[in-house]
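Encoded as structure tokens, the structure appears first; notes follow it.
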Amino acid sequence: MRFLITAGPTREPIDPVRYLSNRSSGKMGYALADAALARGHEVILVSGPVSIRAPEGVTLVPVETAREMYDAVAETIAGADVAIFCAAVADYRVAEVADEKIKKTDESLTLTLVRNPDILGSARNAFDFRGILVGFAAETEKLAEHALDKLRRKGCDLLAANDVSRTDIAFDRDENEVELFYKDGRREGLPLASKGQIAKEIIRRVEGLVE
Ligand code: C5P
Numbered sequence: 007m008r009f010l011i012t013a014g015p016t017r018e019p020i021d022p023v024r025y026l027s028n029r030s031s032g033k034m035g036y037a038l039a040d041a042a043l044a045r046g047h048e049v050i051l052v053s054g055p056v057s058i059r060a061p062e063g064v065t066l067v068p069v070e071t072a073r074e075m076y077d078a079v080a081e082t083i084a085g086a087d088v089a090i091f092c093a094a095v096a097d098y099r100v101a102e103v104a105d106e107k108i109k110k111t112d113e114s115l116t117l118t119l120v121r122n123p124d125i126l127g128s129a130r131n132a133f134d135f136r137g138i139l140v141g142f143a144a145e146t147e148k149l150a151e152h153a154l155d156k157l158r159r160k161g162c163d164l165l166a167a168n169d170v171s172r173t174d175i176a177f178d179r180d181e182n183e184v185e186l187f188y189k190d191g192r193r194e195g196l197p198l199a200s201k202g203q204i205a206k207e208i209i210r211r212v213e214g215l216v217e
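Quick note, my numbering runs 6 ahead of the 1-based positions in the sequence shown.
The structure is reproduced here in structure tokens:
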């Protein structure tokens, strides 16, 4: 099958030298790409800036901003059987990016932020994607409630949620623990394991959804 996977953070410029971003390392998305490849699937990996190397054999589409990620997904999703959105997309970008480096003239500085496009939320509508759709949710509270709400609103078949308030898992860690929520109401916990192992489990379940 053909997999489209988004991974990593996005980087939203403020001026030529500064940006807004988040703590995503890309490890979970890259582990998913690796696991899908190992199962013989084709993988397009749309990735924000990360410091890890893409697995040999994937088609890497490097992007910086959420809007670039949106465009890359819009261009490639039609050919995919499975789309897994693992990227930590910045919800907002700076309304007006300064052409020159901003000088520290005043005691305070106000940046106006505007909403970025919701890439996962566009899959079923704007992109008319009919394949298997998998979302991730990073939550700090009310994990199940928020995950189920996201699953339904965005038309996912499967949503993997993790608790990012815990310091032993998730951001920049090599291990993760996720709770899987299925469209049909099933719910399943994947106990603490390496991101590689979690990725394998997720890919296996995605394959099960296609059969
Ligand atoms: O950030 P949040 O927890 O809402 O992300 C939920 C899911 O939506 C993730 O799968 C993420 O990759 C995706 N997402 C997206 N575009 C956005 C925000 C989130 O594709 N602008």
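By construction, the Cβ of each residue, glycine as well, lies at the ideal position given by its N, Cα and C atoms. In this text, all values refer to a predicted model and were calculated from it rather than measured experimentally.
Check	Outcome
Cα-Cα separation, residue 24 to residue 115	14 angstroms
Top-ranked residue by Cα proximity to residue 125, from 27, 190, 82, 212	82
N- and C-terminal bounds of the alpha helix (DSSP H) containing residue 31	No alpha helix (DSSP H) contains residue 31, which DSSP labels as neither H nor E.
Any non-hydrogen atom of the ligand C5P within 7 angstroms of residue 71 CB	no
Residue 221 CB to nearest heavy atom of the ligand C5P below 7 angstroms	No information on residue 221 is available, as it lies outside the stretch 7 to 217 that the chain covers here.
Per-residue burial, residue 78 [other beta carbons within 10 Å of its own, 16 or more giving buried]	buried
Check whether residue 13 and residue 51 have beta carbons under 8 angstroms apart	yes
Reduced DSSP secondary structure (H/G/I, E/B, other) of residue 52	strand
Cross-strand partners of residue 125 (DSSP beta bridge)	DSSP, once it has assigned bridges, lists no residue as partnering residue 125.
Own chain residues within Cβ distance below 6 angstroms of residue 42, not counting five before or after	9, 49, 209
Proximity of residue 187 and residue 153 at Cβ, strictly below 8 angstroms	yes
Chain-order list of residues whose beta-carbon lies under 6 angstroms from that of residue 72 (same chain, five-residue window excluded)	16, 95, 96, 122
As assigned by DSSP and simplified to three states, the class of residue 3	Past the edges of the chain, shown from 7 to 217, lies residue 3, and the structure says nothing about it.
Segments of 3+ residues assigned as beta strand (DSSP E) that fall wholly inside the segment 67–137	88–91, 98–100, 119–121
As assigned by DSSP and simplified to three states, the class of residue 24	strand
The ligand C5P heavy atom lying under 7 angstroms from the CB of residue 126	yes
Cβ-based neighbour list, residue 98, same chain, cut-off 8 angstroms, excluding 5 preceding and 5 following	18, 26, 119, 120, 121, 122
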